[in-house]
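Encoded as structure tokens, the structure appears first; notes follow it.
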Amino acid sequence: MLKKISTIALAALLTLPAMATAGSTNATSDLAAQVDRLTKELANLKAQMAAMKEGQGPATDMKAQKEIADLKSQMKALEDNQKEAFDDLDERSAAWDLASRVQLFGDFRARGDYYQNDLVSTPIDMQAWQQQAFLRVVGAGGNPYDRNTMLQDLGAQFQAGTLPMQSDDDMKNSSIFTNRFRLNMRVKATENVDFKGRLAMYKTWGTSTLPPNLTQFGYPSFDGTSSREPSDSILRVDRAFVNWNNIGGQPIWFSVGRRPTTDGPAAQIRMGLDERMATPTAYMDWPFDGISVGYAYANLFGMQDAPGRVRICYGRGFENSLQYDTTSVDLNDTDFAGVSWDIYSKGNKLAYLQSFMVFNAFNYPEFDDQATNDFYDFFLNGRQNVGDVLHTSGVYMDKWENLNYFVSAGWSRTMPDKDTGMFNDFVAQFNDPTYPANDDNEDGYNVWVGARYDMDDLGLKFGLEYNHGSQYWIGMTPGHDDMYSSKLATRGDVYEAYLIWDLPTGEAISKYAKTFMRFGYQHYDYDYTGGSDWNIKPYDIDKAEAETFGMLVPSIDKADQVYVTFEVYF
């Protein structure tokens, strides 16, 4: 009787969860019915045997003995079947328990872009010059691997006007198509410890490598762009971290791993998403590894129902690796540390502030290909630490009826080392190698505003955004999602208009489900050269210095980009 009750209870429990598919629901119901049927048949047989024995006494009749033997045989078969059904239930319940701990969801995006820019001036064909300079220096009995010798040749050819030049002062790609697939996972390890991760594949159509010139006006491939630049079909780890929540029974948590630091607020508005995608603002769009400790509160400074949370964060931007003590350049790790504060976060309203320091900033990181490292090594005289950077930004966003809106601002300050400097006058140093490094602190700022109006009846959302960056502004955005140039790193103005169409694809199967298309246009209007860089002085686009610099390093004056996406979240 006890086994029967336990069996029915177990079968009932198994039918309670809403299983993901109809097949699994049917299988659960069939198994529960089978166990219940076998239990009832076994009980009936036992009752029949008891009645037979009670009515006949000692079984002397051959027919009665045969009937009892048959009943015993049937009981044995039913008991074996019931045990097999219980074993099957045990195995399935263990599998269901494992499946219930793991959540999988993801997204797929197909994107097409048109891009064209106007450069400040026609740049030098560096590859052709290197080949010619190599032969000249060797022919003169010099060392073509000596940096100073090659720079002297570059300067001499520049003054003589004999450098090989590119064919034009503008660049264009009439179409580039990409596929991006991302798979998110959440797994409970214990009651208060969970793992969150995301794998990503981001591939360009028609090639299995990074397209040429894709990163010419931003960061070449390195740790801070991993999984954020289109290249091959490899599935890379985009995010992977563990949270230890409710420490000591308090709203305190500890988190460590590959951080969720890309597509932060208010980027989700123009991406057509309802939820915040990362902790820091979009001004800090940089994948990195690190640690955070946080505290959540329900009432801000005594104000009732004013929830928020504050975090202390640390991360590593560059690992200097094992070095000999006698290494001529004392290269230190580059680390991030700061505070991330959700001052108020409830519903659609978010007031957020962050401030962090970059300690021992590198002049350039360890890029993925040696040719790029060699190029930067030549122009920047080797990898070294150049100083510190202070970076502060905030955002306020909310929704009024059908209007989503935000206001965001950022401030950056460089604090260079005396011997290396930051924002150095590259043109002056090119003409005069003894020209001193810039050891002044330089401040930059950026403002970013935007709004999106939702027309739910039509399934349409229309948005506008504008941002402006000053001369010495630094956008920490190597992981940007603007294809060629990060708009939030621009020293000048960027205008963007977009339309989101929620596709009529039927009822959503899961809470993550979304299907939509985005149509957008971006116009870049630079006031100063560069962006996302603290090594070289940003030159005024309208000055002769910018034209000279643009010959040595391609620099954008204006750019236009049109994009269309087809996106599915599941």
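Numbering (numbering that gives the first Met the number 0), first residue to last: 0 to 569. Glycine is no exception: its CB is placed at the ideal position from the N, C-alpha and C atoms.
Go ahead and pull the three-state DSSP assignment for residue i.
{"i": "residue 22", "result": "Residue placement at residue 22 is flagged as unreliable, the pLDDT there being 44, under the threshold of 50; a coordinate-derived value is accordingly withheld."}
{"i": "residue 275", "result": "coil"}
{"i": "residue 190", "result": "coil"}
{"i": "residue 429", "result": "helix"}
{"i": "residue 128", "result": "helix"}
{"i": "residue 569", "result": "coil"}
{"i": "residue 56", "result": "Its pLDDT being 49, under 50, residue 56 is placed unreliably by the model, and the measurement read from it follows with that caveat. Here residue 56 sits in coil by DSSP."}
{"i": "residue 353", "result": "strand"}
{"i": "residue 564", "result": "strand"}
{"i": "residue 232", "result": "coil"}
{"i": "residue 68", "result": "helix"}
{"i": "residue 61", "result": "helix"}
{"i": "residue 339", "result": "strand"}
{"i": "residue 227", "result": "coil"}
{"i": "residue 299", "result": "strand"}
{"i": "residue 631", "result": "Limits of the chain in this structure are 0 at one end and 569 at the other, which puts residue 631 out of reach."}
{"i": "residue 487", "result": "helix"}
{"i": "residue 106", "result": "strand"}
{"i": "residue 247", "result": "helix"}
{"i": "residue 332", "result": "coil"}
Using CA coordinates, which residue listed in the options is at the minimum distance from residue i?
{"i": "residue 200", "options": "215, 178, 221", "result": "178"}
{"i": "residue 289", "options": "279, 270, 255, 274", "result": "255"}
{"i": "residue 127", "options": "245, 284, 100, 162", "result": "162"}
{"i": "residue 280", "options": "394, 556, 565, 527", "result": "394"}
{"i": "residue 454", "options": "271, 335, 258", "result": "271"}
{"i": "residue 147", "options": "305, 376, 368, 158", "result": "376"}
{"i": "residue 198", "options": "206, 208, 211, 184", "result": "184"}
{"i": "residue 205", "options": "187, 230, 226, 224", "result": "230"}
{"i": "residue 397", "options": "361, 363, 449", "result": "449"}
{"i": "residue 361", "options": "353, 352, 91, 419", "result": "419"}
{"i": "residue 507", "options": "456, 567, 482", "result": "567"}
{"i": "residue 494", "options": "180, 68, 525, 456", "result": "525"}
{"i": "residue 176", "options": "405, 209, 194", "result": "209"}
{"i": "residue 382", "options": "388, 389, 374", "result": "374"}
{"i": "residue 346", "options": "400, 492, 338", "result": "400"}
{"i": "residue 99", "options": "108, 130, 188", "result": "188"}
Who does residue i pair with in a DSSP beta bridge?
{"i": "residue 462", "result": "451, 497"}
{"i": "residue 252", "result": "293"}
{"i": "residue 423", "result": "535"}
{"i": "residue 287", "result": "According to DSSP, which records beta bridges pairwise, residue 287 is partnered with nothing at all."}
{"i": "residue 467", "result": "446, 492"}
{"i": "residue 475", "result": "283"}
{"i": "residue 80", "result": "Note: residue 80 sits in no beta bridge, so no partner."}
{"i": "residue 115", "result": "171, 559"}
{"i": "residue 150", "result": "Answer is none; residue 150 lacks a bridge partner."}
{"i": "residue 348", "result": "345"}
{"i": "residue 441", "result": "413"}
Can you list, in chain order, the residues of its chain with a C-beta nearer than 6 angstroms to that of residue i? Leave out the 5 residues immediately preceding and following it.
{"i": "residue 115", "result": "171, 559"}
{"i": "residue 245", "result": "191"}
{"i": "residue 309", "result": "294, 340"}
{"i": "residue 479", "result": "284, 485"}
{"i": "residue 561", "result": "113, 520"}
{"i": "residue 460", "result": "451, 453, 499"}
{"i": "residue 56", "result": "Note on residue 56: pLDDT 49, under 50, position unreliable in the model; no value is reported."}
{"i": "residue 219", "result": "366, 371"}
{"i": "residue 428", "result": "434"}
By Cβ distance, which residues of its chain are closer than 7 angstroms to residue i, with the 5 residues on each side in sequence left out?
{"i": "residue 249", "result": "none"}
{"i": "residue 332", "result": "315, 317, 318, 319, 359"}
{"i": "residue 167", "result": "121"}
{"i": "residue 545", "result": "119, 528, 538, 539, 554"}
{"i": "residue 350", "result": "342, 343, 395"}
Which residues in the same chain as residue i place their Cβ atom closer than 8 angstroms to its Cβ, once the five residues preceding and following it in sequence are excluded?
{"i": "residue 502", "result": "458, 514, 515, 516"}
{"i": "residue 335", "result": "287, 289, 312, 313, 314, 315, 316, 355, 356, 357, 358"}
{"i": "residue 174", "result": "111, 112, 113"}
{"i": "residue 444", "result": "408, 409, 410, 411, 468, 469, 472"}
{"i": "residue 423", "result": "436, 437, 534, 535, 536"}
{"i": "residue 532", "result": "473"}
{"i": "residue 223", "result": "285, 286, 287, 316, 364, 477, 478"}
{"i": "residue 1", "result": "Residue placement at residue 1 is poorly supported in this model, since its pLDDT is 35, which falls under 50; the coordinates still yield a value, given next. Same-chain partners within the cutoff: there are none."}
{"i": "residue 143", "result": "132, 133, 136, 137, 149"}
Determine, for residue i, whether the minimum Cβ-Cβ distance to residues of chain D falls below 8 angstroms.
{"i": "residue 509", "result": "Among the chains in the structure shown there is no chain D, since it carries only a single protein chain."}
Using only the heavy atoms of the ligand SAH, determine whether one of them is closer than 7 angstroms to the beta carbon of residue i.
{"i": "residue 149", "result": "Although the ligand SAH was asked about, the structure shown includes no ligands whatsoever."}
Could you tell me which whole alpha helix (DSSP H) segments of length 4 or greater appear in the segment 357 to 417?
List check, alpha helix (DSSP H) in window: 369 to 379.
Beta strand (DSSP E) runs contained entirely in the segment 499 to 560, provided each spans 3 or more residues:
Those beta strand (DSSP E) runs which fall completely within the segment 499 to 560 and span 3+ residues are 513 to 525.
Restricting to runs no shorter than 3 residues, where is the beta strand (DSSP E) found entirely within the segment 163 to 207?
Here the runs fully enclosed are 169 to 187, 192 to 203.
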